Amino acid sequence: MGNELLGSDEAALQFVGRSLPLLPGGSASTRSIAAADVDGDGDLDVLLGNEGVPSRVLLNAGDGTFPTSIELPGGNEDTFSIAAADVDGDGDLDVLLGNDVSPSRVLLNAGDGTFPTSIELPGGIMNTYSIAAADVDGDGDLDVLLGNDSRPSRVLLNAGDGTFPTSIELPGGSAYTFSIAAADVDGDGDLDVLLGNNKSPSRVLLNAGDGTFPTSIDLPGGSASTRSVAAADVDGDGDLDVLLGNYGSPSRVLLNAGDGTFPMSIELPGGIASTSSVAAADVDGDGDLDVLLGNYGSSRVLLNAGDGTFPTSIELPGGSASTLSIAAADVDGDGDLDVLLGNYGSPSRMLLIAGGGTFPTSIELPGGIASTFSIAAADVDGDGDLDVLLGNDGGPSRVLLNAGDGTFPTSIELPGGSASARSVAAADVDGDGDLDLLLGNDGGPSRVLLNVGGGTFPTSIELPGGSASTRSIAAADVDGDGDLDVLIGNSGSPNRVLLNAGDGTFPTSIELPGGSASTRSIAAADVDGDGDLDVLIGNSGSPNRVLLNAGDGTFPTSIELPGGSASTSSIVAADVDGDGDLDVLLGNNNSPSCVLLNAGDGTFPMSIELPGGSTTTLSIAAADVDGDGDLDVLLGNYGSSGRVLLNAGDGTFPTRIELPGGNA
Numbered sequence: 000m001g002n003e004l005l006g007s008d009e010a011a012l013q014f015v016g017r018s019l020p021l022l023p024g025g026s027a028s029t030r031s032i033a034a035a036d037v038d039g040d041g042d043l044d045v046l047l048g049n050e051g052v053p054s055r056v057l058l059n060a061g062d063g064t065f066p067t068s069i070e071l072p073g074g075n076e077d078t079f080s081i082a083a084a085d086v087d088g089d090g091d092l093d094v095l096l097g098n099d100v101s102p103s104r105v106l107l108n109a110g111d112g113t114f115p116t117s118i119e120l121p122g123g124i125m126n127t128y129s130i131a132a133a134d135v136d137g138d139g140d141l142d143v144l145l146g147n148d149s150r151p152s153r154v155l156l157n158a159g160d161g162t163f164p165t166s167i168e169l170p171g172g173s174a175y176t177f178s179i180a181a182a183d184v185d186g187d188g189d190l191d192v193l194l195g196n197n198k199s200p201s202r203v204l205l206n207a208g209d210g211t212f213p214t215s216i217d218l219p220g221g222s223a224s225t226r227s228v229a230a231a232d233v234d235g236d237g238d239l240d241v242l243l244g245n246y247g248s249p250s251r252v253l254l255n256a257g258d259g260t261f262p263m264s265i266e267l268p269g270g271i272a273s274t275s276s277v278a279a280a281d282v283d284g285d286g287d288l289d290v291l292l293g294n295y296g297s298s299r300v301l302l303n304a305g306d307g308t309f310p311t312s313i314e315l316p317g318g319s320a321s322t323l324s325i326a327a328a329d330v331d332g333d334g335d336l337d338v339l340l341g342n343y344g345s346p347s348r349m350l351l352i353a354g355g356g357t358f359p360t361s362i363e364l365p366g367g368i369a370s371t372f373s374i375a376a377a378d379v380d381g382d383g384d385l386d387v388l389l390g391n392d393g394g395p396s397r398v399l400l401n402a403g404d405g406t407f408p409t410s411i412e413l414p415g416g417s418a419s420a421r422s423v424a425a426a427d428v429d430g431d432g433d434l435d436l437l438l439g440n441d442g443g444p445s446r447v448l449l450n451v452g453g454g455t456f457p458t459s460i461e462l463p464g465g466s467a468s469t470r471s472i473a474a475a476d477v478d479g480d481g482d483l484d485v486l487i488g489n490s491g492s493p494n495r496v497l498l499n500a501g502d503g504t505f506p507t508s509i510e511l512p513g514g515s516a517s518t519r520s521i522a523a524a525d526v527d528g529d530g531d532l533d534v535l536i537g538n539s540g541s542p543n544r545v546l547l548n549a550g551d552g553t554f555p556t557s558i559e560l561p562g563g564s565a566s567t568s569s570i571v572a573a574d575v576d577g578d579g580d581l582d583v584l585l586g587n588n589n590s591p592s593c594v595l596l597n598a599g600d601g602t603f604p605m606s607i608e609l610p611g612g613s614t615t616t617l618s619i620a621a622a623d624v625d626g627d628g629d630l631d632v633l634l635g636n637y638g639s640s641g642r643v644l645l646n647a648g649d650g651t652f653p654t655r656i657e658l659p660g661g662n663a
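Each residue of the sequence shown is one higher than the one before, counting from 0 in numbering that gives the first Met the number 0.
This is the structure:
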């Protein structure tokens, strides 16, 4: 494949154009393109949803070339939409096919990028133009959304194993829905549904929290021919705006007022283009989300000025192809986002970004482009520096050994295979003086890996509790016997404390009060000041809790924390107001993060909303970053810049610092 350097006079952002491998029959009619690591090797493969010929997966060699092309089962179905998601909860990415004149399908991944099991989705032939996966009923598994043409669109609720016995008809009747997506546009912690319609107004369906949608809102713009809908925070105010890719009229950004209403509609540059696909990604590396338009004719990138306006429009190389699908992903592993064009009647293309963004001090960690859910630092090899622990999804978790200078030349694959590790921690659970590893796994048993010294882990112990969907794991001496017990925060099953026998085995498993909440974070701290460790539970879709320890590792008293049913992703304890007791920090998803000030007895009468609005905060921590003797707050955000909130000394945070790195 020959490369050519292609530039634009409109901005200093360049692309190297590369055609993707030709499919059998030459120029396939590709309707949809996506990127996902389907073979679990740490790089992003390409999925092609084709019309008239079989859809395909192109396996990445790791450098953005695709020597292996796999024909997906199903034959010459007219696939109009393709996506990847772990619908059966086994830790690898399955493929969803939205078909026009045949039933849509889920192809279950064997773990290596092959798909021996094909499941026909209920409903028969529904003229599906768009397919997506999202947990709309909040039960911890991924449901399937079908955007249908001339028939009602549907949500198929997952039973947890990749089967879909419950089919819910979405409001709106038999609209011509060309695009469907899920996003929390009203900031209440559940996923709403966006419908991009042709010949009738596009809609937002607000979720009641259980996967039903009693409220339907017409989006501004009238009966435009919308071919693609997406949600992204393009103006950086912490809520999700809506992008409409229109055919025969200008595409638009609808700016969210924060409550799921969209009073401001901005016409995107480009005039009356024939846009079939719209997406958002930070392609120039400046920390805001740019807009990608896949057009009949020249496709474009619109560079964001940072406020949701797009003064710079860049024509993408490739000529006047009929691009039906556009996406951004780092397919060559060089740290910037490349552009994928799924073309109809001509070869699909990959455009490698050759410029845009400067990163003078960026150290790439070994281990490829794994889907890392959890990262921690600990001295596992006992040499006096901090090593890095990576809890990965779809590929082995790893320890990166520090050479002492902040580089990590040695990468150790942890035992356990490609389990979906959602949480990783280090603690000396067997009392031998080195740090063992705890892996909280989703869809398989959680594990303790015993360190023999030097950062090697030959012994893997399966923790009791079976194949729970563990989202958080921690270690603490909750029964006061001098060894470290294990806390397990589960989604969809009870949380647990595993009491250590002193040797790193856990014969006693205690079910924590609270039932089968969707717990995202668990921690231990003495919040009532009685000398034992209480348990903090951060939940999604139900109230957060503090469980007060009776002193023996039992928790008879459960206190509901203020804040209602926020979607909390991270919970920690720290004395932010300097009064000698431990306050609680809540990192929330799609609602403001909070500090709950402790009255000294484990009750929290005062809740302080942290500045930054309803960002998607996935991690929160406390540290004295400015060296003034009080604890500041760090927020790790998804889709927006991380932040440091400087403490005024009393638990208020008037100064907010945006961290470099953009919308990571």
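Using N, Cα and C, we set each Cβ at its ideal position, and we do this for glycine too.
Computed from a predicted model, the values in this text were never measured in an experiment.
{"Check": "Cβ-heavy atom distance, G195 to the ligand MG, below 8 Å", "Outcome": "In the structure on display, the ligand MG does not appear, and there are no ligands present to speak of."}
{"Check": "DSSP beta-bridge partners of L155", "Outcome": "V143, S166"}
{"Check": "Proximity to G90 [Cα-Cα], best of G39, F65, L57", "Outcome": "G39"}
{"Check": "Cβ-based neighbour list, D160, same chain, cut-off 8 Å, excluding 5 preceding and 5 following", "Outcome": "D87, G88"}
{"Check": "Beta-carbon contacts of A473 that lie in its chain and below 7 Å, excluding the five residues immediately before and after", "Outcome": "A424, L486, I521, A522, A523"}
{"Check": "Contact check, A180 vs S149, beta carbons under 9 Å", "Outcome": "no"}
{"Check": "Pairwise C-alpha distance: D287 and V203", "Outcome": "24 Å"}
{"Check": "Supposed close pair G146, L194 - CB separation, criterion 8 Å", "Outcome": "7 Å"}
{"Check": "Contact under 9 Å by Cβ, L155 with S201", "Outcome": "no"}
{"Check": "Beta-ladder partner(s) of I656, from DSSP", "Outcome": "V643"}
{"Check": "Proximity winner among S166, D187, L95, relative to A131 (alpha-carbon distances)", "Outcome": "L95"}
{"Check": "Where I124 falls, given that 16 or more other Cβ within 10 Å makes a residue buried", "Outcome": "exposed"}
{"Check": "Own chain, CB closer than 6 Å to P604, minus 5 neighbours either side, in chain order", "Outcome": "A598"}
{"Check": "Runs of beta strand (DSSP E) lying entirely within the region 585–630, each at least 3 residues, in chain order", "Outcome": "593–596, 605–608, 615–622"}
{"Check": "Reduced DSSP category for A109 - H, G, I as helix; E, B as strand; rest coil", "Outcome": "coil"}
{"Check": "Identity of the residues DSSP links to S419 by a beta bridge", "Outcome": "D441"}
{"Check": "Residues of its chain near D306, where Cβ-Cβ distance is below 8 Å and the 5 sequence neighbours each way are ignored", "Outcome": "D234, G235"}
{"Check": "R251 - partner residues in DSSP beta bridges", "Outcome": "L243, E266"}
{"Check": "Residues of its chain near L120, where Cβ-Cβ distance is below 8 Å and the 5 sequence neighbours each way are ignored", "Outcome": "P102, S103, R104, V105, V143, L145, L155, F163"}
{"Check": "Spatial distance of G6 from L350 (CA atoms)", "Outcome": "Low local confidence applies: a pLDDT of 29 at G6 is under 50, so the model's placement there is unreliable, and no value is given."}
{"Check": "Completely contained beta strand (DSSP E) runs for the region 313–352, where each covers 3 or more residues", "Outcome": "322–328, 337–342, 348–352"}
{"Check": "With 16 other Cβ atoms within 10 Å as the buried cut-off, status of A622", "Outcome": "exposed"}
{"Check": "Check whether L585 and A573 have beta carbons under 9 Å apart", "Outcome": "no"}
{"Check": "Inter-residue Cα distance where the pair is D85 and D629", "Outcome": "43 Å"}
{"Check": "As assigned by DSSP and simplified to three states, the class of E559", "Outcome": "strand"}
{"Check": "Straight-line gap, M0 to S321 (C-alpha atoms, nearest Å)", "Outcome": "Its pLDDT being 31, under 50, M0 is placed unreliably by the model, and the measurement read from it follows with that caveat. Distance between the alpha carbons of M0 and S321 is about 21 Å."}
{"Check": "Beta carbon of S178 nearer than 9 Å to that of S224", "Outcome": "no"}
{"Check": "Simplified DSSP assignment, three categories, for G195", "Outcome": "strand"}
{"Check": "DSSP state of L205 mapped onto helix, strand, coil", "Outcome": "strand"}
{"Check": "Bridge partner(s) assigned by DSSP for T225", "Outcome": "N245"}
{"Check": "Nearest-angstrom Cα separation, counted from P561 out to L595", "Outcome": "8 Å"}
{"Check": "Opening and closing residue of the beta strand (DSSP E) in which I521 lies", "Outcome": "518–524"}
{"Check": "For L92 and G110, the rounded distance between their alpha carbons", "Outcome": "8 Å"}
{"Check": "Contacting residues, own chain, Cβ-Cβ under 7 Å from V451 (five flanking each side not counted)", "Outcome": "P457"}
{"Check": "Beta-carbon proximity check, S31 vs S68, cutoff 9 Å", "Outcome": "no"}
{"Check": "I664 in three-state terms, based on DSSP", "Outcome": "The structure shown does not extend to residue 664, since the chain spans only 0 to 663, so no value can be given for it."}
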